[in-house]
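Data block below; observations after.
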Amino acid sequence: MVWNGVQQASGPPMVGRHAEREAVGRLLDAVRDGLSGVLVLTGEPGIGKTRLLEYAATRAAELRVVRLTAVEPETGLGFGALHRLLRPFLNRTGRLPGPQRAALDAALGLVPGPPADRYLVGLATLTLLSEAAADQPLLFLLDDAQWLDRESAEALAFTARRLHADSLGLIIAVRDGLGDSGLFDALTVHTVTGLPEPEAEVLLSSVPRRVDADVAGRIVAGTGGNPLALLELADALTAEQLSGIAPLPDPLPVSRLLEGHFLRLVRALPPETGTLLLLLAAAPSDDTGLIWRAAGRLGLSARAVQPAVAAGILGRDTPTAFRHPLIRSTVHAGAEPGERRRVHAALAAACDPVRDADRRAWHRAEAAEGVGDGVADDLEAASERARSRGGYSQQALFLSRAADFTGDPDKRAERLLDAAQAHLMSGDAPAAQTALDLAGVGIRGSVMRTRELRMRATAQMFQIVVADVPAMLMDAVTRLGAQDPRLTWELLCEGLHAALVAHDCTRGTSLTEVAAAAVAARHAPDFAVRGRDLLMEGLARRVAEGYERGAPVLRAALDGLLGGGGIEDANSPFAVMLLMACDDLWDVQTARELTGRLAAVDREAGALYALSITLLVEARYELLDGRFTEAEVRYAEFDDIVAATGFPGGGDINRLHLFALTGREAELRAAVRRTAEMRSMGQGLHHLMAQHALASFELGQGHYRQAMRHAWAVFEEDPPTNGNLVLPLLIEAGVRTGDRAGVGEVLARLEERAPLAGTPWALGTLALGRALTADGDEAEKFYQESVELLGQGPLALEQARSRLLFGEWLRRRKRRSDARKQLRAAYESFDAFGAVPYAERARIELLATGEKARRRTEETRFDLTPRERQVASMAASGLTNGEIATRLFVTASTVEFHLNKVFRKLGITSRKQIPRAIGEPGPVTGD
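Residue numbers (the numbering used here): -14 to 912.
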């Protein structure tokens, strides 16, 4: 039901609910003040959620109120609820940015187009509603949210999480035990519980029938204070039971009794009224045209509603709407199967075969029995339309239902595999695995089996359970044989990615075995050379054949990507592979360039999963340049995306290096413990990254033996992502502990690899390693070379570390003046970054030279929150509010809200003052 304007609440007066009313009042006040508010009301059926929505509507003076009640029979119609919600505002879609408009139009089936990214649809919803709220503040009341189709629920949850300063309120009512997708978990949730005994007894006293005081107490205790149960029991029990003459059922069968009570009310009505109620339960109540066309086919007249209104089953003001959502569910569930099929058949016949083809196919399926190829074909056609709109969970549901009506075993298995693929596209890995299990018994042939294994592997990867994935994909390659070389290569690339992430935690195969298979497969002459393919080949050769064979291929791959070779076509985990290649070649310049381009592509497409991974990689390179605040901004945005989408992998485990460099030991060790737990899921690479972070932390503390132990674990495994980056840490720790043999082995690897990489970072690291192991004037020459080379790239942290080591060496040679220069530069850098352990180490060294070094006062710009810092940084680069909003998946009014806070905190009055205030360069302008 879409409801504009204010509807007066009906029934007995509201009793109690003071906390809930206060929460609603705060939300309404925020909306009136130009802010936003979201409240999720959850609780058992009949607990009073709908009544609270009615209360909110009556208090929403000056707000435009829109109400939507989700309908259980249409849970599978993707974007159906969203379409109903947005219908009053679709005349505004022309104001949306192009990508958002295209995504929303495609999702709602308004125009043909490529499948819409569901999060871009969410952003379009957010923008559209925010634009509408700018004219008049809006309040959306969403009832029975557990029956929302998944696509609509995702769009609304996305919108709700990103509301901030938009004059828009959203109150969602959802039933306990249903709709457990977790989409609304990150919102403000209030559990509505039963009324306390005094208030429950006041409510009971409002009914016209007399209730004995002792009986009232027993009813309150037996219902848990559920308001609907109280009122309906007072109506359902006999006068003798209410007066205490006859005993009450013990225990009170509240839910069963309520459902039975509602069914008795319905079955006492004339037959045509009962049929009309079933029709209303099976269709959305706002589509009155469909309802009355179907009613005509069933021979029902409009007068049939009157007995139901008189019995209190339907509302008087809206006679196509049930008095309470629980009555709708009871009517539909309690109907005879044959009668349900008859009603769905009428609805199917009443649907327009073109405009309402999907709804028609669904109702036909609900009306059918047994195997029926015509019904199955209609459902499959509907699934294709759903796919074209980006409604992947709807596509999966249609295909699963089509399989139910399919007699041919091969065709049934194929449809179930397609359903599993659609579930994966929607992000529902458990549902995909269920579909695969159903398909498994009917799968015949190597191609279908290969497809099944690939999807099972993808489902495992989505749930970050990696250990078995490489073996599954290797099995798929074996089953496929020589039938499809390109598919073989793709399977091996996916297997290599999984194996690199699992590292030493693979089961059933090994990283080396997968890499060797990829190297062998890559020799096929008909493959076009693409940047992504070449990168994967380089990583495979690096693992299977050694650094000398892999590095040149990785260099060629990165050069090709820099030249425009396919970065836009890369798939979502590509940023991880890019990180491995760039780290392995010590190529920070290319890393920053390519990840920046990847992030721009991801933002433009609304590809939030891909963007979240890219943000983590960007954060890594911000740390290397000493931009810790910028790194935290990206970590915060990653966490925001995880909260908005439900993707796994969030939390402080991603901040290992930030914690290590800033000296936050407790947080670091807690995150390290999480990496140890993740090894059981096959996340071996995270464990090695944790060892790297611990080595960095212990070096900052001057704990060289501990640092050596952690770094050596990475050295032995030699992963592409950080196998080279621990080499200078190991040399420093080895020199300090006198492990000459270990230092020699590490330096030999560095001397072999750094020239092959040839970047300033690689050669600067090599010079530092040589300086640490050299004597006399030769050491000084290498230190100077390291500082100079590391200064050529965005490697401020690495350069500061080189200066620290150089200064320590100079002080030990009693060259205090020269030492002060290097140590002062190192200290000021570390202190500005927030690298507390290293700053303290440099400060102590400075004190030993006779110079004092006091900690500087924290600058005002660091008072900004990560979101404010992010907005300020983008504004400093010259982006408009609208452009910032598009990049951050928020609204322009929210950007303005954050900018106003930035101005106040920094004490500035103009956007032109932001760059200097936050210590960043301003936009490049012409003369």
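Quick reminder that beta carbons are idealized off the backbone N, C-alpha and C, glycines included.
Buried/exposed call for residue i, threshold 16 Cβ in 10 Å
i           : result
residue 413 : buried
residue 164 : Interpretation of residue 164 is limited by its pLDDT of 49, a score under 50 that renders its predicted location unreliable; the figure taken from the coordinates is listed afterwards. With 16 or more other Cβ atoms within 10 Å, it is buried.
residue 902 : buried
residue 654 : exposed
residue 3   : exposed
residue 232 : exposed
residue 286 : exposed
residue 121 : exposed
residue 762 : exposed
residue 799 : exposed
residue 191 : exposed
residue 318 : exposed
residue 173 : exposed
residue 704 : buried
residue 740 : exposed
residue 34  : buried
residue 895 : exposed
residue 107 : buried
residue 593 : buried
Residue i versus the options, residue with shortest Cα-Cα distance
i           : options               : result
residue 9   : 19, 647, 38 and 30    : 38
residue 387 : 401, 375 and 427      : 401
residue 808 : 831, 815, 818 and 772 : 831
residue 126 : 13, 227, 97 and 171   : 13
residue 756 : 470, 275, 58 and 769  : 769
residue 521 : 669, 477 and 488      : 477
residue 103 : 904, 714 and 139      : 139
residue 434 : 461, 411 and 175      : 461
residue 440 : 571, 430, 420 and 895 : 420
residue 904 : 875, 849, 833 and 882 : 849
residue 542 : 515, 306, 534 and 40  : 515
residue 207 : 184, 223, 562 and 234 : 234
residue 607 : 375, 52 and 620       : 620
residue 248 : 213, 203 and 320      : 320
Integer Cβ distance of residue i from residue j, believed to fall under 8 Å
i           : j           : result
residue 142 : residue 109 : With a Cβ gap of about 14 Å, residue 142 and residue 109 do not count as contacting.
residue 158 : residue 134 : Actually they are not in contact, since the Cβ atoms of residue 158 and residue 134 sit about 17 Å apart, beyond 8 Å.
residue 860 : residue 891 : Contact doesn't hold; Cβ gap of about 11 Å is too wide.
residue 568 : residue 709 : 7 Å
residue 458 : residue 479 : 6 Å
residue 229 : residue 271 : Not confirmed; about 45 Å, so no contact.
residue 750 : residue 712 : 7 Å
residue 564 : residue 660 : At roughly 17 Å, the Cβ-Cβ gap does not stay under 8 Å, so residue 564 and residue 660 are not in contact.
residue 500 : residue 529 : 4 Å
residue 267 : residue 58  : 5 Å
residue 748 : residue 732 : That pair is no contact at about 14 Å.
residue 305 : residue 273 : 6 Å
Opening and closing residue of the alpha helix (DSSP H) in which residue i lies
i           : result
residue 158 : No alpha helix (DSSP H) contains residue 158, which is instead part of the beta strand (DSSP E) from 153 to 160.
residue 64  : First-last for residue 64: undefined, no H or E at that position.
residue 672 : 669 to 686
residue 22  : Unbroken run through residue 22 is the beta strand (DSSP E), 21 to 28; no alpha helix (DSSP H).
residue 321 : Taken as a continuous stretch (DSSP letters only), residue 321 belongs to no alpha helix (DSSP H), as it is neither H nor E.
residue 228 : 224 to 228
residue 273 : 273 to 282
residue 440 : 431 to 447
residue 57  : Segment: none, residue 57 is in no alpha helix (DSSP H) and carries neither H nor E.
residue 567 : 559 to 569
residue 144 : 135 to 146
residue 35  : 34 to 43
residue 762 : 761 to 775
Residue i, enclosing beta strand (DSSP E) - first and last residue
i           : result
residue 125 : 123 to 128
residue 176 : 174 to 176
Min CB distance residue i to chain B below 9 Å
i           : result
residue 584 : Considering every chain present, this structure includes no chain B. It has just one protein chain.
Which residues DSSP lists as bridging residue i, in chain order
i           : result
residue 50  : 124
residue 307 : 299
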